[in-house]
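**Q**
Residue numbers (this note's numbering): 1 to 90.
1) Measure the C-alpha to C-alpha separation of residue 73 and residue 8 and round it to an integer number of angstroms.
2) Look up residue 45 in the DSSP assignment and give the residues it is bridged to.
3) Looking only at DSSP bridge pairs, what is residue 53 linked to?
4) What is the residue span of the alpha helix (DSSP H) that residue 28 lies within?
5) Roughly how many whole angstroms lie between the Cα atoms of residue 63 and residue 46?
6) Can you check whether the CB of residue 56 is closer than 8 Å to the CB of residue 65?
7) How would you label residue 27, buried or exposed, when you count the other beta carbons within 10 angstroms and need 16 or more for buried?
8) Using CA atoms only, rank isn't needed, just tell me which of 60, 41, 15 and 14 is closest to residue 5.
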């Protein structure tokens, strides 16, 4: 038996970029709770939940901290989100 569970909370968004933006905001808000693992946050289309897109990079940085930038970012990894919240494609 596992001690980890996943909460599925459907929401509406106009496109995949808006969905990822909303999901990242929700994840960052919940990150204040010690039970939440934001690094593993993903988003998927309601009718295709088996295909999940990771929201954050999560690469391990020096000092044991993790990169907090969006997944597949093109700038160097960092611990403070400074990259514009824009994306090309799903």
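Heads up, the beta-carbon is just placed ideally off N, CA and C, and yes, glycines get one too.
**A** Straight from the coordinates:
1) Residue 73 and residue 8: Cα-Cα distance of roughly 26 Å.
2) 48
3) 43
4) 16 to 30
5) 38 Å
6) In this structure, residue 56 does not lie closer than 8 Å to residue 65 by Cβ.
7) buried
8) 41
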